[in-house]
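Colleague: Okay, so the sequence shown: first residue is 0 according to numbering that gives the first Met the number 0, each after it adds one. Here you go, one structure.
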Amino acid sequence: MEIVNDDSELLNDDYFMYQALREARKAMRANEVPIGAVIVKDKAIIARGWNQVETLKDATAHAEMIALTSAQNHYGDWRLEGTTVYITKEPCPMCAGALVHCRPDRVVFGLRDPKGGAAGGWINLLDSNPPLNHKCEVTSGVLENECLALLQSFFKEARAASKLRKKGLSEEGLVE
Ligand SMILES: [Zn+2]
């Protein structure tokens with residue numbers, strides 16, 4: 000277990016969202032859509048994950064899915080009661096479904112997703128007990144601007160790269 004700081008006053012939602020943003024930057028460096036997640040229990044990070052859909056060629060390899068699997072391995076149990084999951088973007092329906100099954104107490108996310116989010120943006124799978132048998136307390140919009148800025152810079156770069164390719168420049172030409 001990773002004890003991050005003795006001063007528990009500093010270990011607030013912002014602090015852990017910054018940690019999730021660090022994971023998102025790992026995704027960015029790997030040319031993945033930059034989304035990151037960390038799972039916290041008793042002010043300590045027990046699992047981390049970053050989006051690895053392209054790296055693993057796995058459409059289910061979203062940041063929070065990877066973090067959930069890691070946390071379950073950490074405990075040797077699928078029940079994640081007493082934990083808080085921090086994600087830089089509102090979970091999609093797949094991830095929200097997985098979160099409910101793993102039963103964390105809280106889910107905290109940065110960027111809201113009114114089109115596809117399943118934690119209140121489009122639908123809310125985290126607060127639908129019954130029939131899903133568990134409710135997660137949800138906090139949204141934590142460091143939303145930072146989470147948005149990272150995604151925007153990724154898509155801006157991706158668009159610029161695609162434009163250059165269309166102009167017939169080689170991949171090598173894109174490296175700074
Ligand atoms: Zn997802």
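Beta carbons are placed, not taken as given, at the ideal position from N, Cα and C, and that holds for glycine. Since the model is a prediction, treat every value here as computed from it, not as a measurement.
Applying the criterion that 16 or more other CB atoms from any shown protein chain within 10 Å of the CB defines a buried residue, is L9 buried or exposed?
Modeller: Mapped onto the sequence shown, residue 9 falls at position 10. That one is exposed.
Colleague: Which stretch, first to last residue, makes up the beta strand (DSSP E) that contains L67?
Modeller: Within the sequence shown, residue 67 is the residue found at index 68, counting from 1. No beta strand (DSSP E) contains L67, which is instead part of the alpha helix (DSSP H) from 62 to 74.
Colleague: Take P92 as the anchor and find which of G109, G81, G115 has the nearest alpha-carbon.
Modeller: Within the sequence shown, numbered from 1, the residue matching residue 92 stands at position 93. Closest by alpha carbon: G115.
Colleague: Rounding to the nearest angstrom, what Cα-Cα distance links L202 and K40 in this structure?
Modeller: What the structure shows of the chain is the stretch from 0 to 175, and residue 202 is not part of that stretch, so it cannot be assessed.
Colleague: Measuring CB atoms only, is the segment 48 to 58 touching the segment 23 to 35, in the sense that at least three cross pairs come out at less than 8 Å?
Modeller: yes
Colleague: Just how far apart, CA to CA, sit E175 and F154?
Modeller: The residue you call residue 175 lines up with position 176 of the sequence shown. The residue you call residue 154 lines up with position 155 of the sequence shown. Legend: pLDDT at E175 = 42, less than 50; position of this residue unreliable, no value from coordinates given.
Colleague: Output yes or no for whether 8 Å exceeds the beta carbon distance between R111 and S139.
Modeller: Numbered from its first residue, the sequence shown carries residue 111 at position 112. Numbered from its first residue, the sequence shown carries residue 139 at position 140. Here R111 is near S139, since their CB atoms are less than 8 Å apart.
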